[in-house]
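Participant: Its first residue numbered 1, the sequence shown is counted upward by one per residue in our numbering. Yeah, the Cβ is synthetic: ideal placement off N, Cα and C, and Gly gets one too.
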Amino acid sequence: MVKVLIAQDHLTLSLPGTSDDWLARDYDVDAPVYLFVYPSHTSTDPHRSRWSITWPVGGHVETQMVAWRHVHADVYENESGLETDPPRYVYGGAITKTAGPGTVLAKRFLLGVMSLAMRKRIEELAAETPLVPVAEWQPTDTDAQGWIRGLLERMVASAVISGATRERVIQQASNAFLVPHSPLVLGLCE
1 MVKVLIAQDH
11 LTLSLPGTSD
21 DWLARDYDVD
31 APVYLFVYPS
41 HTSTDPHRSR
51 WSITWPVGGH
61 VETQMVAWRH
71 VHADVYENES
81 GLETDPPRYV
91 YGGAITKTAG
101 PGTVLAKRFL
111 LGVMSLAMRK
121 RIEELAAETP
131 LVPVAEWQPT
141 DTDAQGWIRG
151 LLERMVASAV
161 ISGATRERVI
171 QQASNAFLVP
181 HSPLVLGLCE
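1. Shortest alpha-carbon distance to Val90 belongs to which of Thr129, Tyr34, Pro39, Ser158?
2. Give the C-beta separation of Pro56 and Ala94 to the nearest angstrom, bearing in mind that I take them to be a contact with Cβ-Cβ under 8 Å.
3. If you measure between the beta carbons of Ser49 and Tyr34, is that distance less than 8 Å?
4. Beta carbon of Ser162, beta carbon of Val169: below 8 Å?
5. Would you report the Cα separation of Gly100 and Ile148, rounded to the nearest angstrom?
6. What residues in its chain sit with their C-beta under 6 Å from that of Leu152, if we drop five residues either side in the sequence?
7. Taking just the CA atoms, how far does Ala24 sit from Gly92?
8. Please go through the stretch 82-124 and give each complete beta strand (DSSP E) segment of 3 or more residues, from N-terminal end onward.
9. Would you mind working out which of Thr54, Val71, Val113 sits nearest Val29, comparing C-alpha positions?
10. Please list the terminal residues of the continuous alpha helix (DSSP H) segment that includes Arg149.
11. Could you tell me which residues DSSP pairs with Tyr38 in its beta bridges?
12. Can you look up Arg25 in the DSSP assignment and give me helix, strand or coil?
13. Whole-angstrom Cβ separation of Val71 and Ile53, contact assumed at under 8 Å?
14. In the DSSP output, which residue or residues are listed as bridge partners for Val71?
15. Can you tell which of Ala106, Ala127, Thr103, His60 has its C-alpha closest to the C-alpha of Leu116?
16. Nearest to Thr98 by alpha carbon, out of Ser174, Arg69, Val160?
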């Protein structure tokens, strides 16, 4: 029998990341880093959009980059495969994925063109960014946008991005899907 620990309530929960360089390597070249805003796949409410810090990987120039490196908190599912209520989030490290419908539909807001060292620093900062304990969770943070905001704060404090850049992308991301998306979009995101 597998026991699920209630570790999601700890301030600094993160799972050890694994290397997924086999899919697409993050080469030592400058690459654009974005705040992606995905339309919600469960709601037509524009405020339920998911956020992710993302950059292309897999080539020495952007046209050869065939996948995306994503940094975001994932919703925890219980042993039955169901989301918890209230939702709990975990960070298991950055992941690399090819572009699916969600990536195609995401709106992108440029954080900057960054070196590999800066992108690795983002991953380190993400591992240090605490998740909100269940007792402090706000019903308005339904898709872990608060965790990304916390990571952006750490990126400013570490001089990875400027405060003005953080404010600009948060404003853009907050207004990314002011018009509710159609049920067609909901089906594509699944």
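Facilitator: In brief:
1. With distances taken between Cα atoms, Val90 lies closest to Thr129.
2. Their Cβ separation, rounded to whole angstroms, is 13 Å, which puts Pro56 and Ala94 out of contact at 8 Å.
3. Between Ser49 and Tyr34, the gap from beta carbon to beta carbon reaches 8 Å or more.
4. No; because the gap between Cβ atoms is not below 8 Å, this pair is not in contact.
5. C-alpha of Gly100 to C-alpha of Ile148: approximately 21 Å in a straight line.
6. Closer than 6 Å at Cβ, skipping near neighbours: Arg166.
7. One alpha carbon belongs to Gly92, the other to Ala24, and they sit about 18 Å apart.
8. If we require 3 residues or more, the beta strand (DSSP E) runs fully inside the stretch 82-124 come out as 95-98, 107-114.
9. Of the residues Thr54, Val71, Val113, the one whose Cα lies closest to the Cα of Val29 is Val113.
10. Arg149 -> alpha helix (DSSP H) spans 145-157.
11. Beta-bridge pairing by DSSP links Tyr38 to Arg50.
12. Coil, per DSSP.
13. 4 Å between Cβ atoms; contact.
14. Residue pairing for Val71: DSSP places it in a beta bridge opposite Ile53.
15. Scanning Ala106, Ala127, Thr103, His60 for the CA closest to the CA of Leu116 turns up His60.
16. Of the candidates Ser174, Arg69, Val160, the residue whose Cα lies closest to the Cα of Thr98 is Arg69.
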